[in-house]
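See structure below.
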Amino acid sequence: PPAATAPSAAPAPRVGGGVVSGLMDSMASGMAVGTGMSVAHRAVDAVMGPRQTEVVHRSEGRAPAAGSATSCQFQQDQLMQCLQSSSHASSCQFYLDAFKACQTQM
């Protein structure tokens with residue numbers, strides 16, 4: 540007698556909606572985590588007291604120079620002109636040194 544072959548099982552239907560469904564799941568998960576973190580921060584603030592943030596600016600006692608941005612402009616322009624017109628950056632070393640010297644004087 541011919542061997543009876545078992546009928547092949549139908550492929551299982553895909554569960555889920557693809558990329559959009561995965562994106563929505565990720566967004567929902569992220570919002571749940573964010574909400575949980577917010578609740579946890581509130582609980583900690585209720586027990587420990589509110590957090591305080593202090594911003595410290597480090598100017599080290601010197602006022603910013605008002606003309607420092609434009610005081611080395613001439614040296615910077617010379618350096619840029621040399622770099623644009625020359626094929627070798629090493630030929631502009633003089634202008635680079637002058638620009639750096641100007642910046643250290645500020």
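With positions in the sequence shown counted from 1, the corresponding number in the working numbering is that position plus 539. Where is the CB? At the ideal position from N, CA and C, for every residue including glycine.
To the nearest angstrom, how far is the alpha carbon of residue i from that of residue j?
i      : j      : result
Ser560 : His627 : 56 angstroms
Ala571 : Gln591 : 26 angstroms
Met576 : Leu562 : 21 angstroms
Gln620 : Phe613 : 11 angstroms
Asp584 : Thr574 : 15 angstroms
Asp636 : Asp564 : 58 angstroms
Put residue i into one of helix, strand or coil per three-state DSSP.
i      : result
Arg581 : helix
Ser560 : helix
Considering only the alpha carbon of each residue, which of the options lies closest to residue i?
i      : options                           : result
Cys641 : Gln617, Met587, Ser629 and Leu622 : Gln617
Pro589 : Met566, Val558 and His580         : His580
Would you please state the rounded distance, in angstroms, between the beta carbons of residue i and residue j? I believe it to be under 8 angstroms.
i      : j      : result
Gln615 : Phe638 : 6 angstroms
Leu622 : Cys631 : 5 angstroms
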